[in-house]
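First residue of the sequence shown: 0, per numbering that gives the first Met the number 0; consecutive thereafter.
Note that CB positions come from ideal geometry on N, CA and C, so glycine has one too.
To keep things clear, I will list the structure first and then write my remarks on it.
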Amino acid sequence: MSRIGQQPVKLPEGARVTVESVPPPTGDLLKYPMTPRLWKIKPRKLEHDFGECALVHVAGPRGTVSTKLHSVVQVRVEGDQVVVSPLCGGTSKCGMTMWGTARALIANMVRGVTRGYTRELEFVGVGFRTALEKGRLVCRLGVSHDVIYELPARFAGTVTLAVPSQTQVVVSGPDKQAVHEVAAQIRDLKRPEPYKGKGIRYAGEVIKLKTGKKK
């Protein structure tokens, strides 16, 4: 039994969940091997012993989030809660794994459409600052040119960028994965260096500094 998967997800006021069936993906698992180690592995066809996948839509005050779940799990809406159960009865390793994963994904979506997710970043360094211009982040990161970050098209309408000060960026939205992915992309523009800690870091992140060489 999965301790997480067997717990139902309670729906707060304003949250709505709909479930629809979609056909599972088709194709080869190893269609394009990338390393010589995989060349000897023959492509395997996907097996669909558990039927169709479940496409879950969660709507709330902060937006709508959707995700596709593995066909080994079944999702049911019972009153004010969502129940996830494995079709294999929890006897297979895949069923046990995807049971808890599916329940956690739905719980994250419910929280996202009701309370939302926020990720804050800080610019640390002399002259390091940023500004929001026409929906793009224009950053000065100690180089000869401005570093511009533009929100990817797939996150348009889902993730919101805010600049409360010249050294702070707030990423928010109902989709947890999208919010954290955008925050990671911004941090990658200038990762904190290990000697003085200059760069872009998450709020509250502790950077372990190295000791420089002494003459």
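- A direct Cα-Cα distance of roughly 16 angstroms separates G115 from A155.
- Between V137 and I147, the C-beta spacing is below 9 angstroms.
- The way I'd put it, the region 89-100 doesn't touch the region 157-175; fewer than three beta-carbon pairs between them come closer than 8 angstroms.
- A161: member of the beta strand (DSSP E) spanning T159 to S164, first to last residue.
- A residue is called buried when at least 16 other Cβ atoms come within 10 angstroms of its Cβ; R110 meets this threshold and is buried.
- Short of 6 angstroms from the beta carbon of V81, and not among the five residues preceding or following it, lie these beta carbons of its own chain, in chain order: V8, V16 and I105.
- Here P193 is not near K213, since their CB atoms are 9 angstroms or more apart.
- In this chain, the beta strand (DSSP E) harbouring R135 covers R135 to R139.
- Contiguous beta strand (DSSP E) elements confined to the region 143-193 occur at 146-149, 159-164 and 167-172, taking only those with 3 or more residues.
- I199 is bridged by DSSP to F122.
- For V64, the enclosing beta strand (DSSP E) begins and ends at G62 to L68.
- Counting along the chain, R75 sits inside the beta strand (DSSP E) bounded by residues V72 to E77.
- The beta carbons of A183 and V162 sit about 18 angstroms from each other, so the pair does not count as a contact at 8 angstroms.
- Just so you know, the alpha carbons of K209 and L140 end up roughly 21 angstroms apart.
- Residue pairing of P85 in beta bridges, as defined by DSSP: V72.
- Counting along the chain, the unbroken beta strand (DSSP E) around R15 starts and ends at R15 to V21.
- Distance from the CA atom of Q6 to the CA atom of E180, rounded to whole angstroms, is 28 angstroms.
- Between the alpha carbons of A152 and V55 lies a distance of about 22 angstroms.
- The criterion of a C-beta distance shorter than 9 angstroms is not satisfied by G124 and K67.
- Counting along the chain, G94 sits inside the alpha helix (DSSP H) bounded by residues K92 to T113.
- When C-alpha distances from E204 are compared across F127, K92, D79 and R118, the shortest belongs to R118.
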